[in-house]
Amino acid sequence: MPRPYFYVTTPIYYVNDQPHIGHAYTTILADVLARYHRALGEAVFFLTGVDEHGQKVQQAAEKRGVAPQAHCDEYALRFSRLWERLEIQYDDFLRTTQPRHINVVRAVLQRLYDQGDIYPADYAGWYSVAEERFITETEKDSGAFRDVRQLTERNWFFRMGKYQEQLIKYIEARADFIQPDSRRNEILGFLRQPLGDLCISRPKERLNWGIELPFAPEYVTYVWFDALLNYVTGPGYIADDRRFGQWWPASVHLIGKDILTTHSVYWSTMLFALGLPLPTTIFAHGWWLTGESKMSKSLGNVVNPLDLVDQYGVDPVRYYLTREMILGQDANFTLESFIKRFNSDLANDFGNLLNRVSGLIGKNFNGLVPASGELSEADQEIKAAADGLAQKVADAVAGFRIHEAIDETMLLVRLINRYVEKQAPWKVAKEDLTRAGTILYIATEGLRIAAFYLLPVMPQKANQVLEVLGAVGSAGEWGLLKPGTKLAAHEALFPRLEIAI
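So the sequence shown is numbered by the numbering used here: it starts at 1 and just counts up by one.
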C-alpha cells in the first residue's frame, strides 16, 4: 500500500549564493512533485529554506560592515521572493538561524555526545575555505577546491566510520534509496574505502558565526552537520512528536549530484546514530549545462531564472525545465531550445487546441459547450486515451519521471488536435450540428483533462484554460465538463515566439 503522505525536500540553499537556474530547477521540481501528489489525493509536506551559518557568511558580512544576522536577513529574501515569482507553494521555509532549528541542533549534539558518538581529537589536514571542510590529499590534488590551506587544530568528531558497514548493507538492500542507479553505485564505490570520522566543530577563534556546541561553548557546529538537520527540524523533531511521527521519514530528498556524499553518507550515518529511519529516497538530479560546461559564476554562464520569467512568463519556464531534463541526467540549456519547446508544445499544441475548440464553439454554439451524442470509434479513442492518462501520470510521478508525465499529457493534446483536424467539425456543422457538437464536446473535455494534469507544471496557464471552460476545481475523470457552460473570452494562451537571428 502506498504511504498516505508525501514529504519532499529541497536542499536548503546557501544564503550567500545568487539564486540561479540550478536552484530554481530543484525547487520547481519539488513543487511539481508536491502538486502532483496533492492532485492524487495525498497529504503533502514540502520543505525548503536557506543555510545561514558558516565562514563564507561571516566573511561576507564583515566585508559589508554588517552583522551576520542582518546580512542573512537581507539575502534570504532573494530566495523567498524568487520562489514567490516561480509559483512555489512550499509548506515551510526554514532558516538555520531560527530558534526552532538551533534547539534541534543543540539537542542532537548533546545526545550524540552523551552516547559517545562525539569525541575530541587533534586533527591536521588540508582545509578548503570555499567548501568549509577538510579535504583529502586526492581532493586537494584534483584542483577542484579553492582557497586550500593546511590546518592543525583540536576539534570534535562524529563517529561516522562506526556506521559504515550498516550503511553499506542498507544501500545494498534497498535499490530505491539512492537514485538513480549510477549515484547509488557511486556511493557504494566511495564506501569501499575506510570511512573516517567527521569533524563537526570549528573553534570560535577561527569562526564564531554558527551554533555553539552545548558541551564545548568555545566551538561552533560545522555548517553541514547543522544544515542537514533541517530535514527533521521542519516536520517537528523534538518540538512536536505527533507531527514528526506523521511526516518522518521523508519520502524524497531532492538534491543536485554535487552534494550526494553529504546526504547519502553524512546524513544517513547521523540518522543511524539518532535511531531515526532514513528517508525513503535520496534523488540526485543532474546539472544544467551550457554547451559542455556546468553553469558556474566563475565561467560567467549562469542563467538568471528571473530574467527568463520576466521575458517569457513563469509557466513556460517551469514547463521547459521539468520537461527538458530527464531526472538523473544532465541537460543543456539554450535559449533556442527553450523557444522551440515553447512554440511546438505550448503555442502549436496546447494553446492552439484551446483556440480551435473555443472558436468553433463560439461560432456554432453561441459559446456554449455542446452536448455529446452517441460516440463513434474515433470519439471512443479520445475518451480511452483521456481515461488512461491518470494511471500513466501516477506511474511516471511515482518513478520520478516527471518529463514522462508531461509528455503523456501532451500526447493526449496532440491526439486531440489530430482528431479535430480529421473530424473537421467546421465542415460537419454545415450538415449535422448534433454530430459537430459531439466532436467539440469530446475535444473540449479532453482538453480539460489535459489541463488538469498540467496544473502541477503550469499552475497559471492550465488554470486559465479551466477558467475558460468553466471547470476550475474539476478533477481528472471523464464527463465533468457540463454542456451548456458558457465559455469565457480569452486571449492567445501562448503567442508564438520568434528566434532572433
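By construction, the Cβ of each residue, glycine as well, lies at the ideal position given by its N, Cα and C atoms.
Check: Residue interval of the beta strand (DSSP E) (run including R149); Outcome: 148–158
Check: Segment contact, 8 Å Cβ cut-off, at least three pairs: the region 378–392 with the region 20–36; Outcome: no
Check: I442 - containing alpha helix (DSSP H), residue span; Outcome: 433–454
Check: Unbroken alpha helix (DSSP H) run spanning R38, endpoints; Outcome: 21–39
Check: Alpha carbon of R243 to alpha carbon of I200, nearest angstrom; Outcome: 28 Å
Check: Contact set for I501: own chain, Cβ-Cβ below 8 Å, skip 5 residues either direction; Outcome: Its pLDDT being 44, under 50, I501 is placed unreliably in this model, and the value from its coordinates should be taken loosely. Cβ within range, chain order: n/a, list empty.
Check: For F452 and A475, believed in contact at Cβ under 8 Å, the rounded distance; Outcome: 7 Å
Check: Three-pair Cβ contact test at 8 Å for the region 328–341 versus the region 439–457; Outcome: no
Check: Reduced DSSP category for R370 - H, G, I as helix; E, B as strand; rest coil; Outcome: The question names Arg, but residue 370 in the sequence shown is Pro. P370: coil per DSSP, three-state reduction.
Check: Which of helix, strand or coil DSSP assigns to G236; Outcome: coil
Check: Endpoints, the beta strand (DSSP E) within which Y123 is located; Outcome: 118–128
Check: Buried versus exposed, by CB contacts within 10 Å (16 or more), K363; Outcome: exposed
Check: Nonlocal neighbours in the same chain, by C-beta distance under 7 Å from Y14, ignoring five residues either side; Outcome: D51
Check: Distance between beta carbons of F158 and D197, contact taken as under 8 Å; Outcome: 6 Å
Check: Simplified DSSP assignment, three categories, for F79; Outcome: helix
Check: DSSP bridge partner residues for N463 (one or two, in chain order); Outcome: DSSP output for N463 lists no bridge partner at all.
Check: Span of the beta strand (DSSP E), counted from its first residue to its last, around H509; Outcome: In this structure the chain extends from 1 to 501, so residue 509 is not present and cannot be described.
Check: Reference A273, options I416, E374, V457, M160, closest by Cα; Outcome: M160
Check: Any C-beta of chain C under 8 Å from that of D197; Outcome: In the displayed structure, chain C is absent; only one protein chain is listed.
Check: Three-state secondary structure assigned by DSSP to H285; Outcome: strand
Check: Per-residue burial, D176 [other beta carbons within 10 Å of its own, 16 or more giving buried]; Outcome: exposed
Check: Where the alpha helix (DSSP H) through L360 begins and ends; Outcome: 352–364
Check: Cβ distance (whole Å) where V105 is taken to contact I211 below 8 Å; Outcome: 5 Å
Check: Stretch pair the region 467–474 + the region 411–421: three plus CB contacts closer than 8 Å; Outcome: no
Check: Distance between E421 and A492 (C-alpha atoms, nearest Å); Outcome: 20 Å
Check: Chain-order list of residues whose beta-carbon lies under 7 Å from that of L353 (same chain, five-residue window excluded); Outcome: V413, I416, N417, L447
Check: At least 3 beta-carbon pairs within less than 8 Å: the region 110–124 vs the region 90–101; Outcome: no
Check: Own chain residues within Cβ distance below 8 Å of V148, not counting five before or after; Outcome: W126, Y127, S128, V129, I135, K140
Check: Y113: first and last residue of the uninterrupted alpha helix (DSSP H) it sits in; Outcome: 99–114
Check: Distance, R95 Cα to D73 Cα; Outcome: 10 Å
Check: Local conformation of Q89 per DSSP, three classes; Outcome: coil
Check: Same chain, Cβ closer than 7 Å to T10, five either side skipped, listed in chain order; Outcome: T26, T27, A30, T48, L254
Check: Of the listed residues E42, P235, N16, nearest to P279 (C-alpha basis); Outcome: P235
Check: Three-pair Cβ contact test at 8 Å for the region 258–265 versus the region 178–193; Outcome: yes
Check: DSSP bridge partner residues for C199 (one or two, in chain order); Outcome: F157
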